[in-house]
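Just so you know, the sequence shown maps onto residues 17 to 588 in the numbering used here.
Every residue, glycine too, gets a C-beta built ideally from N, C-alpha and C.
Remember, it's a predicted structure, so these values are computed and weren't measured experimentally.
As structure tokens, the structure follows; a few thoughts come after it.
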Amino acid sequence: MNKNLLFSMILAASAMSAGAQGFTATANWVTPINANNGISTPEAVAASDNNTFLVSKFVSKGNDNSLNFVNFGSQEKVAFGAPNKATSGNDNLLLTKVNADGTAAWHVYSKQGRVANASAATTSDGGVVVAAVTSFTAFNAKEATDIPANSILDIVDADNHTTTIEKAFAGSAVYDIVVLKISADGHLDWFKHFAADDASSLTAKIAVDNADNIYIGGQHAKTLSFGENAVAARSAKSLYLVKLDNAGNFVNSFDISGTDAEDYIDAVTFADGKIFVAGRVKAKAEGNTIAFADITLAPTTFDDVFAAAFSTDLVPVWASIANSVAASDGKHTSQVKGIDVSEGFVLVSGLVKGGYTAAGATDAVTMSSGTKLEGMVIGFSVADGALSKGVCVSEGISGLYSATIKGNKIYAFGYNIANADKQGSSLFEFDGENANENVIATTNEPASAGYPTTFYAKFVNSSLLAGVRAKGKGINVLGNVYDYTNQKDFTATVMSINLKDVFGGISTTETANDARIWAVSGAVKISVASPTSVAVYNVAGQIVAKRIVTDETTIALPAGFYIVNGKKVVVK
Numbered sequence: 017m018n019k020n021l022l023f024s025m026i027l028a029a030s031a032m033s034a035g036a037q038g039f040t041a042t043a044n045w046v047t048p049i050n051a052n053n054g055i056s057t058p059e060a061v062a063a064s065d066n067n068t069f070l071v072s073k074f075v076s077k078g079n080d081n082s083l084n085f086v087n088f089g090s091q092e093k094v095a096f097g098a099p100n101k102a103t104s105g106n107d108n109l110l111l112t113k114v115n116a117d118g119t120a121a122w123h124v125y126s127k128q129g130r131v132a133n134a135s136a137a138t139t140s141d142g143g144v145v146v147a148a149v150t151s152f153t154a155f156n157a158k159e160a161t162d163i164p165a166n167s168i169l170d171i172v173d174a175d176n177h178t179t180t181i182e183k184a185f186a187g188s189a190v191y192d193i194v195v196l197k198i199s200a201d202g203h204l205d206w207f208k209h210f211a212a213d214d215a216s217s218l219t220a221k222i223a224v225d226n227a228d229n230i231y232i233g234g235q236h237a238k239t240l241s242f243g244e245n246a247v248a249a250r251s252a253k254s255l256y257l258v259k260l261d262n263a264g265n266f267v268n269s270f271d272i273s274g275t276d277a278e279d280y281i282d283a284v285t286f287a288d289g290k291i292f293v294a295g296r297v298k299a300k301a302e303g304n305t306i307a308f309a310d311i312t313l314a315p316t317t318f319d320d321v322f323a324a325a326f327s328t329d330l331v332p333v334w335a336s337i338a339n340s341v342a343a344s345d346g347k348h349t350s351q352v353k354g355i356d357v358s359e360g361f362v363l364v365s366g367l368v369k370g371g372y373t374a375a376g377a378t379d380a381v382t383m384s385s386g387t388k389l390e391g392m393v394i395g396f397s398v399a400d401g402a403l404s405k406g407v408c409v410s411e412g413i414s415g416l417y418s419a420t421i422k423g424n425k426i427y428a429f430g431y432n433i434a435n436a437d438k439q440g441s442s443l444f445e446f447d448g449e450n451a452n453e454n455v456i457a458t459t460n461e462p463a464s465a466g467y468p469t470t471f472y473a474k475f476v477n478s479s480l481l482a483g484v485r486a487k488g489k490g491i492n493v494l495g496n497v498y499d500y501t502n503q504k505d506f507t508a509t510v511m512s513i514n515l516k517d518v519f520g521g522i523s524t525t526e527t528a529n530d531a532r533i534w535a536v537s538g539a540v541k542i543s544v545a546s547p548t549s550v551a552v553y554n555v556a557g558q559i560v561a562k563r564i565v566t567d568e569t570t571i572a573l574p575a576g577f578y579i580v581n582g583k584k585v586v587v588k
């Protein structure tokens, strides 16, 4: 084992100066994920107040499976990937439940099958559901005898029990969707295999509502088969959104309509009783439109960004578009990386070259400073989808992956490689259009070896969960240097950062103790004398609703026990 990886520690004494702001961030834990035979990549995170699950990928190469292992912090050989002869190796899945100190409670992993991408969401029983886009184990097409097993995925659970998800190999590496339900103690409760026979561009983003119904959205080019239910693709680049029940059975799907366009769903989340999605759309010709039921959007021929809200029956509540504005060279690019619901806004994070306007408007809500991709956040109203917020890093190449609103400021996490002094993953504070950057993670020397690139981020209460990847002699997190001298390739680093001191000094809406909170049939009612921030949690610690209440409001909820601003209520 690499002795330099003997750490997965609480860094309570670590601090980051925020310059003029004077606040500090501390690390709850920092843990590397090091694959012995190739790259390790942080893929996604799912978290509620009490549970955190990390989704990662690691590469295995060669037929000697004793070498195809991955280490998680100081824990050796937690998983073994699929043996293979492919030049680039095989991408394997690693799902980890982490304890409060960043150590692993358990691991679930794949030992056959090639995972292109995966996402996860927590469930009310303390478990997690994972949506994975997967194919046959990578093989060497130049060797006629190198034929993969008839398995789209072999999953090893926390009890070392293997479940094989079978599919006959027909000579090509097609991709399907597999949904895994993992219990709180790491058992595979059930799986669903949905055939797609698609290309590796197939994606699957997942969310779960407070009744544990499952929503999966993404991009596809071919018909998806959910049992006997088929979801056809409008084009080679088409979005899809489906609902499954809490056992993974198909319930229904949303079908977008309109004229010729490329459309994608890049992010899905559940909040305030609704499903929110964000993605991109590009008209094939001027004047083309897309429709969410009777809501019509008019995209440009650039890659616009859209957001939409759905009821839990997948009925569109609203849909809104951020039309693209070209950069100074006449070109435009969008990438969507994250979606968050915060203080009455749906915040969409990503990268932009150029800018955005609200539909029918001429003034841009935000604009990149030049012709390079820069991190951006745009904000749509939770109530009606109106686009009114926009911020951009406006310095060199950067990208943002998650955002939250605290007081009148937007905080976002991502990366910046603008110059040698600012190469790393950073927390950005936006006060109006001004971005104040505070480096959380940066590579150690030599700088030529690379820099930490963000792969995911998620704000959970006063903490930030983030996954970055770096290749160099080490990584510096809040002044603590982690030595990666003996690493073979890119190494994933996952972390939990405590931002309580960062957010603590911010003036926000009151969380008044004198608010009147009571249950009625199918709902909870809140009455306040002044604007008050109200948060509703279920018994699993998941936030199910959050909003600003100015006088009296009713929040519809399924029957059950809830905590509303610290008060227990029972909805019948």
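message: Buried or exposed for Asn79, going by 16 or more other Cβ atoms inside 10 Å?
response: Asn79 should be labelled exposed.
Residue span of the beta strand (DSSP E) that contains Val544, given as start and end
Taken as a continuous stretch (DSSP letters only), Val544 belongs to no beta strand (DSSP E), as it is neither H nor E.
Tyr280 at chain B interface by Cβ criterion, 8 Å:
Going by chain labels, chain B is absent from the structure shown, which holds only one protein chain.
Within 8 Å, strictly: CB atoms of Arg563 and Asp225
No, Cβ-Cβ distance for Arg563 and Asp225 is not below 8 Å.
Review point. DSSP beta-bridge partners for Phe207?
Key: Phe207 is bridged to Leu196.
Spell out a yes or no on whether the segment 130-144 and the segment 81-95 are touching, meaning 3 or more CB-CB pairs, one atom from each, closer than 8 Å. These segments do not touch.
Let me confirm a value: Ala560 is counted as buried when at least 16 other C-beta atoms fall within 10 Å, else exposed. Which label applies? A small fix is needed here, since residue 560 is Val in this sequence, not Ala. So Val560 ends up on the buried side.
**Message:** Quick check on Thr103: buried or exposed, where buried means 16 or more other Cβ atoms within 10 Å of its Cβ?
**Reply:** So Thr103 counts as exposed.
My output table needs one value for Glu568: the three-state DSSP class, helix, strand or coil.
Looking at Glu568 - three-state DSSP - the assignment turns out to be strand.
Can you check whether the CB of Thr458 is closer than 8 Å to the CB of Gly415?
Result no, Cβ atoms of Gly415 and Thr458 do not sit closer than 8 Å.
Worksheet item: Going by the beta-carbon positions, is the gap between Tyr372 and Val398 smaller than 8 Å?
Response: No; because the gap between Cβ atoms is not below 8 Å, this pair is not in contact.
inquiry  = Considering only the alpha carbon of each residue, which of Lys425, Ala473, Phe446, Asp447 lies closest to Tyr431?
reply    = Considering only alpha carbons, the answer is Ala473.
Test item: CB-CB of Ser269 and Leu257 under 8 Å:
In terms of Cβ geometry, Ser269 and Leu257 form a close pair [threshold 8 Å].
Query raised in the report: Just the Cα atoms here: how many angstroms apart are Lys298 and Val321?
Result: One C-alpha to the other measures close to 9 Å.
Check your understanding: With a CB to CB cut of under 7 Å and the five nearest residues on each side skipped, what residues in its chain are close to Phe96?
Key -> Answer for Phe96: Asn81, Asn84, Phe85, Lys127, listed in chain order.
ask   = Would the beta-carbon of Gln235 fall within 8 Å of that of Leu204?
value = In this structure, Leu204 does not lie closer than 8 Å to Gln235 by Cβ.
**OP:** Using three-state DSSP, classify Val407 as helix, strand or coil.
**Re:** Of the three classes helix, strand and coil, the one that applies to Val407 here is strand, per DSSP.
Q. Straight-line CA distance for Asn245 to Leu443?
A. Each residue's alpha carbon lies about 43 Å from the other.
Reduced DSSP secondary structure (H/G/I, E/B, other) of Asn262: Of the three classes helix, strand and coil, the one that applies to Asn262 here is coil, per DSSP.
Cβ neighbour criterion (16 or more within 10 Å) applied to Trp45 = Under a 10 Å Cβ-count criterion, Trp45 is classified as buried, with 16 or more other Cβ atoms of the shown protein chains found around its own Cβ.
inquiry  = Let me check understanding here. Comparing Cα to Cα, which of Asp517, Tyr500, Ala343, Gly490 lies closest to Lys422?
reply    = If you compare the alpha carbons of Asp517, Tyr500, Ala343, Gly490 with that of Lys422, the shortest gap goes to Asp517.
inquiry  = Assuming contact is defined by CB atoms lying nearer than 8 Å, are Val190 and His209 in contact in what I supplied?
reply    = Not a contact, by the Cβ cut-off of 8 Å.
- [ ] Mind checking which residues open and close the alpha helix (DSSP H) that includes Gly202?
- [x] For Gly202, no alpha helix (DSSP H) run applies, since DSSP gives it neither H nor E.
TODO: Please report how far the alpha carbon of Ser199 lies from the alpha carbon of Thr378, in whole angstroms.
DONE: Between Ser199 and Thr378, the C-alpha separation is close to 50 Å.
| So what does DSSP say about Leu22, is it helix, strand or coil? | Here the model assigns Leu22 a pLDDT of 30, short of 50, so the residue's position is not dependable, and the following value carries that caveat. When secondary structure is reduced to three states using DSSP, Leu22 falls in the coil class, being assigned neither helix nor strand.
- Just the Cα atoms here: how many angstroms apart are Asn53 and Lys369? Near 36 Å, if we compare the C-alpha coordinates of Lys369 and Asn53.
Closer than 7 Å by C-beta to Gly582: which residues in its own chain qualify, once you throw out the five before and the five after it? Chain order, please. Closer than 7 Å at the Cβ level, and outside the excluded window around Gly582, lies no residue.
- Check the DSSP bridge columns for Ile232 and list the partner residues they point to. Its beta-bridge partners are Ile222, Val258.
> Quick one: what's Pro99 bridged to in DSSP?
Replying inline: Answer is none; Pro99 lacks a bridge partner.
Note to self: Which of the three DSSP states is assigned to Ser327 in this structure?
What the structure shows: Assignment of Ser327 by DSSP, reduced to helix, strand and coil, places it in the coil class.
* Host beta strand (DSSP E) of Lys388 (start-end) -> Run containing Lys388: none; DSSP gives neither H nor E here.
Practice problem: Given a cut-off of 8 Å, decide if Lys347 and Ile281 are closer than it, judged by their beta-carbon atoms. | Solution: Against a cut-off of 8 Å, the Cβ pair of Lys347 and Ile281 comes out as no contact.
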